[in-house]
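Chains as they are written, first to last, in this note's numbering: chain X, 1 to 266; chain A, 1 to 266. Note that the Cβ used here is the ideal one computed from N, Cα and C, for glycine as well. None of these values were measured; they are calculated from a predicted model.
There are 2 protein chains.
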Amino acid sequence: MAHIIVTGNEKGGSGKSTTAMHIFVALARAGMRVGALDLDLRQRTFFRYLENREAFARRTGQQLALPRRIALAASDLRDRIAAQEEEEARFSEAIAELERECDFIMIDCPGSDSFYSQMAHAAADTLITPINDSLVDFDLLARVDPESGRVLGPSIYSEMVWKARQLRARAGLRPADWVVLRNRVSTLHARNKHKVGEAMAELSRRIGFRIVPGFSERVIFREMFLNGLTLLDLKEQGFTFSLSHVAARQEVRDLVRALNLPGLEK
Amino acid sequence: MAHIIVTGNEKGGSGKSTTAMHIFVALARAGMRVGALDLDLRQRTFFRYLENREAFARRTGQQLALPRRIALAASDLRDRIAAQEEEEARFSEAIAELERECDFIMIDCPGSDSFYSQMAHAAADTLITPINDSLVDFDLLARVDPESGRVLGPSIYSEMVWKARQLRARAGLRPADWVVLRNRVSTLHARNKHKVGEAMAELSRRIGFRIVPGFSERVIFREMFLNGLTLLDLKEQGFTFSLSHVAARQEVRDLVRALNLPGLEK
Ligand SMILES: Nc1ncnc2c1ncn2[C@@H]1O[C@H](COP(=O)(O)OP(=O)(O)OP(=O)(O)O)[C@@H](O)[C@H]1O
Ligand SMILES: Nc1ncnc2c1ncn2[C@@H]1O[C@H](COP(=O)(O)OP(=O)(O)OP(=O)(O)O)[C@@H](O)[C@H]1O
Ligand SMILES: [Mg+2]
Ligand SMILES: [Mg+2]
């Protein structure tokens with residue numbers, strides 16, 4: 001039985017693919033066998049990052065950890081229900097295939113509520129939701145009273161997660177661990193961060209997710225995309241570490257530790 | 001005939017809704033009659049921003065410009081082709097309705113290639129594509145050679161725009177003005193910005209868009225979402241302007257001027 005980790009957030013650009021890539025590299029470097037699915041079928045940011053990594057390894061003759069990847073195609077049946085049945089079969093087969101040989105399966109979701117994404121949300125043992133430090137992003141988790149800053153009620157993405165939880169419970173699986181992390185956090189703007197932070201804390205109590213340490217806005221999280229490298233790989237690349245790099249590495253380690261994943265050293 | 005402005009980018013979180021809101025307010029303050037469609041049917045960030053604005057106006061007794069909005073629903077027909085025909089009818093009716101009384105129609109697209117989004121891309125007189133200062137975002141416009149930094153070929157979003165252009169040409173409409181702007185630009189990280197900038201310049205020549213001044217990463221672009229206000233509204237709100245605010249306002253003005261919209265003073 002592989003432990004399934006899903007990065008999900010219907011809000012675009014919250015950092016799902018970036019988080020998926022960095023968690024993959026952290027797990028691989030810890031000696032775990034990792035499988036991967038990229039459910040963002042058109043953009044494929046996570047798989048593109050991995051293809052760049054594979055190409056870099058070939059070009060430089062280096063060894064770089066890669067996950068066992070399975071590419072899923074959308075069904076092109078015209079009938080919506082028949083298309084979903086076909087996709088459900090493809091999804092289950094891919095999971096079964098990866099579970100044979102992997103300790104972990106990393107699944108990156110699109111910024112939309114596709115059927116594949118809904119299935120991944122139900123299959124997740126650990127669901128990771130990155131969110132920008134922004135009331136605009138927060139609006140997809142919950143509506144907030146403009147005057148009191150209090151949470152008024154869940155909104156579209158929380159409802160999606162809720163539906164997935166019900167499906168999961170009905171399938172007799174243990175509840176997922178839903179973790180939310182703030183991403184692209186600026187080192188400034190205390191007032192705005194405070195507002196988002198307060199609303200997050202209140203919502204976490206109400207709808208049952210826990211908040212884990214996230215990532216600051218750092219160009220190192222994206223500047224090596226073309227080579228498929230992350231800051232975790234830089235030891236072998238012989239780089240001199242800047243202060244920002246050391247801080248970034250700590251952010252990734254703090255996240256991985258906070259995930260409490262089975263089989264990982266503390 | 002209304003001039004149709006569309007914010008589009010399949011990449012999530014590039015700044016479509018933020019840009020749509022600020023352009024709307026700039027046009028309204030210039031005395032233009034503006035209509036609006038929000039094609040992100042689930043997230044509805046743009047319409048949520050406008051609903052917050054309407055609520056703020058009611059709460060405070062203030063007058064605040066609002067666009068004429070039409071809400072479009074997804075078709076729930078099971079057959080994909082029949083569903084698209086239904087959506088095509090709804091889209092055309094909404095445009096025809098708004099054209100009767102508006103100088104401009106502001107259409108915000110989702111971060112996915114929905115059928116409504118495809119239609120908007122063909123209907124656009126001005127197509128605005130915001131993009132993060134990131135090779136991860138750029139990957140949806142074009143593939144880049146990791147060693148030379150040269151553009152290898154168009155990718156998924158460029159192809160979507162291309163298809164829309166062909167549809168538009170076949171419908172006998174004048175070519176759209178495709179503008180790309182960089183958003184959430186940090187004041188640091190010259191090397192990464194240079195790489196993205198070079199690739200953008202090369203691609204703009206190859207696939208025919210022009211690059212216009214964009215926005216820096218500034219919390220003022222998002223911190224008033226709950227009240228539906230933008231920095232352009234702050235004059236009447238009696239705020240004291242910070243240096244960042246003055247700079248932000250100049251960024252919005254520079255963008256609007258660069259759009260060369262009909263009927264607007266230079
Ligand atoms: N911590 C960070 N620091 C700097 N840049 C970041 C960080 N996290 C994400 N980014 C950048 O922000 C943008 C959005 O990130 P990413 O693509 O990972 O989000 P996503 O949720 O997968 O988006 P989508 O909804 O399109 O799938 C990308 O340009 C990425 O490089
Ligand atoms: N220039 C900016 N400065 C600061 N924050 C910004 C800026 N532009 C956008 N943001 C923030 O970045 C996030 C993404 O912006 P936005 O929602 O406008 O993107 P989008 O392209 O409409 O996303 P989606 O694909 O989900 O529709 C939001 O949290 C928004 O508040
Ligand atoms: Mg992604
Ligand atoms: Mg949007």
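Check: Minimum Cβ-Cβ distance from V219 of chain X to chain A less than 9 Å; Outcome: yes
Check: Within-9 Å CB hit, G111 of chain A to chain X; Outcome: yes
Check: Beta-carbon neighbours of T240 of chain A, restricted to chain X and to distances below 9 Å; Outcome: Within 9 Å Cβ-Cβ: nothing; T240 of chain A doesn't reach chain X, min ~15 Å.
Check: Neighbouring residues (CB closer than 7 Å to any heavy atom of ligand 4); Outcome: X:G12, A:K16, A:S17, A:D40, A:Q43, A:T45, A:F46, A:D108, A:P110, A:G111
Check: Where D177 of chain X sits in the DSSP three-state scheme; Outcome: strand
Check: Under 9 Å from the C-beta of I156 of chain A: neighbouring residues of chain X; Outcome: R42, Q43, R44
Check: DSSP three-state assignment for R90 of chain A, whether helix, strand or coil; Outcome: helix
Check: Proximity test, N132 of chain A beta-carbon vs ligand 1 heavy atom, cut-off 8 Å; Outcome: yes
Check: F104 of chain X: first and last residue of the uninterrupted beta strand (DSSP E) it sits in; Outcome: 104-108
Check: Residue closest to V161 of chain A, alpha-carbon to alpha-carbon, out of A:V180, A:V144, A:I95; Outcome: A:V180
Check: Below-9 Å beta-carbon distance, D38 of chain A vs any chain X residue; Outcome: no
Check: Local Cβ density within 10 Å of H121 of chain X, reported as buried at 16 or more and exposed below that; Outcome: buried
Check: Separation of L127 of chain X from L39 of chain X, as counted between CA atoms; Outcome: 14 Å
Check: Beta bridge counterpart(s) of P154 of chain A as assigned by DSSP; Outcome: A:A142
Check: Per-residue contacts from G153 of chain A into chain X (C-beta, under 8 Å); Outcome: Those do not exist, as G153 of chain A stays about 13 Å from chain X at its closest Cβ, beyond 8 Å.
Check: Terminal residues of the alpha helix (DSSP H) in which T45 of chain A lies; Outcome: 45-60
Check: Within chain A, the residues that V144 of chain X reaches when beta carbons sit closer than 9 Å; Outcome: L226
Check: CB-CB length for N9 of chain X against I131 of chain X, believed under 8 Å; Outcome: 6 Å
Check: Buried versus exposed call for G13 of chain X [16 or more other C-beta atoms within 10 Å across all chains shown]; Outcome: buried
Check: Neighbour flag for T187 of chain A against chain X, beta carbons, 9 Å; Outcome: no
Check: Residue-chain proximity (G61 of chain X, chain A), Cβ-Cβ < 9 Å; Outcome: no
Check: F46 of chain A versus D145 of chain X - alpha carbon distance; Outcome: 18 Å
Check: Alpha carbon of H77 of chain A to alpha carbon of A169 of chain A, nearest angstrom; Outcome: Per the sequence shown, residue 77 of chain A should be read as Leu rather than His. Cα-Cα distance, rounded: 29 Å.
Check: Option in A:N227, A:F225, A:V136, A:P175 with minimal Cα separation from K193 of chain A; Outcome: A:V136
Check: Counterpart residues of I70 of chain A in DSSP-defined beta bridges; Outcome: A:L37
Check: K163 of chain A: contacting residues in chain X (beta-carbon distance under 9 Å); Outcome: Simply none; closest approach about 13 Å.
Check: Straight-line gap, S138 of chain A to L255 of chain A (C-alpha atoms, nearest Å); Outcome: Looking at the sequence itself, residue 138 of chain A is Phe, so the reference to Ser does not match. Near 20 Å, if we compare the C-alpha coordinates of L255 of chain A and F138 of chain A.
Check: Chain A contact for G13 of chain X (CB, 9 Å cutoff); Outcome: yes
Check: Own chain residues within Cβ distance below 8 Å of A71 of chain X, not counting five before or after; Outcome: D38, F47
Check: Any chain X beta carbon closer than 9 Å to L50 of chain A; Outcome: no
Check: is_contact[R78 of chain A, chain X] using C-beta, thresh 9 Å; Outcome: yes
Check: For D233 of chain X, three-class secondary structure by DSSP; Outcome: helix
Check: Own chain partners of Q62 of chain X with C-beta closer than 8 Å, once the 5 adjacent residues on each side are dropped; Outcome: F56, E236
Check: Segment limits, alpha helix (DSSP H) that includes L27 of chain A; Outcome: 16-29
Check: Nearest-angstrom Cα separation, counted from P175 of chain A out to M32 of chain A; Outcome: 23 Å
Check: Neighbour-count burial assignment, G172 of chain A, 16 or more Cβ in a 10 Å radius; Outcome: exposed
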